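J.: Dropping a structure here in structure tokens format, bear with me for questions.
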Amino acid sequence: MNIRRAEHSDIESMLRIFAHAREFMASYGNDSQWGGDYPSRELIQHDIAEGNAFVVENDGGVVCATFCHIIGNDATYQTIEGEWLNDNPYGTIHRIASDGTMQGVFRYVLRWALLRCPNLRIDTHKDNLPMLHLLDKEGFTHCGVIYCHNGTPREAFQKETV
Numbered sequence: 037m038n039i040r041r042a043e044h045s046d047i048e049s050m051l052r053i054f055a056h057a058r059e060f061m062a063s064y065g066n067d068s069q070w071g072g073d074y075p076s077r078e079l080i081q082h083d084i085a086e087g088n089a090f091v092v093e094n095d096g097g098v099v100c101a102t103f104c105h106i107i108g109n110d111a112t113y114q115t116i117e118g119e120w121l122n123d124n125p126y127g128t129i130h131r132i133a134s135d136g137t138m139q140g141v142f143r144y145v146l147r148w149a150l151l152r153c154p155n156l157r158i159d160t161h162k163d164n165l166p167m168l169h170l171l172d173k174e175g176f177t178h179c180g181v182i183y184c185h186n187g188t189p190r191e192a193f194q195k196e197t198v
């Protein structure tokens, strides 16, 4: 696997991956987290323009996953019902999704992100049971609840490596 910054030529692959992820989440009873067409083409274009969108390629160079990785303060993480592990500089992962063709993508992305910034925050919907399981398995600590820009709650997690 290889991680690289997403380019505008990746948008169709990213949209396909997000569509697969919405179907996967719905099959596990989580049809509200990414309802409709979230994330939109416009949001993906914005992430690419900001340099925060990344894709994962399989060994054949085919895009099989995507995510947004931001290093620095995240507005949605400023207020939490709970408490973060620390106030150290941190990175976040948003909108991580896979097309389901590769195993171990989540772990690969997390390890890559922790190498870039050893203090990582991530959030997910309370009904996203597969993600909640992966976060627990990877040693993330549940810190509380944050609210997205649209006011919906998300379970917030943090992990710091030393």
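Per the working numbering, the sequence shown starts with residue 37, numbered consecutively. Note that CB positions come from ideal geometry on N, CA and C, so glycine has one too. Small disclaimer: the values here were computed from a predicted structure and weren't measured.
1. Rank A149, F142 and D135 by C-alpha distance to the C-alpha of E59 and give the top, closest one.
2. Taking the beta strand (DSSP E) that Q194 falls in, what are its first and last residues?
3. Specify the secondary structure class of H185 as computed by DSSP and reduced to three states.
4. May I ask you to list the residues that DSSP assigns as paired with F103?
5. Write down the C-beta distance between R157 and A192 rounded to the nearest angstrom, noting that I regard them as a contact closer than 8 Å.
6. Taking its Cβ as the centre, do 16 or more other Cβ atoms sit within 10 Å of Y111, making it buried, or is it exposed?
7. Going by other Cβ atoms of all chains shown within 10 Å of its Cβ, with 16 needed for buried, is A85 buried or exposed?
8. Is it buried or exposed, H18, if we count other Cβ atoms within 10 angstroms and call 16 or more buried?
9. Closer than 7 Å by C-beta to E119: which residues in its own chain qualify, once you throw out the five before and the five after it? Chain order, please.
10. For a quick check, are the C-beta atoms of I53 and T102 less than 8 Å apart?
11. Under 8 Å, do E196 and N122 count as touching if we go by C-beta distance?
12. So what does DSSP say about A85, is it helix, strand or coil?
13. For E43, does the three-state DSSP call read helix, strand or coil?
14. Return the Cβ separation of Y126 and N155 in integer angstroms, given the expectation that the two are a contact with Cβ distance under 8 Å.
15. Under the rule that 16 or more other beta-carbon atoms within 10 Å means buried, what is H169, buried or exposed?
16. Examine chain B for any beta-carbon lying closer than 8 Å to the beta-carbon of E119, and answer yes or no.
T.: Quick answer:
1. D135
2. P189 to E196
3. coil
4. F90
5. 7 Å
6. According to the sequence as given, residue 111 is Ala; it is not Tyr. By the neighbour-count rule (16 or more Cβ atoms within 10 Å), A111 is not buried but exposed.
7. exposed
8. Any question about residue 18 goes unanswered here, given that the chain covers just 37 to 198.
9. C179 and G180
10. yes
11. yes
12. helix
13. coil
14. 4 Å
15. exposed
16. Included in the structure is just one protein chain, with no chain B present.
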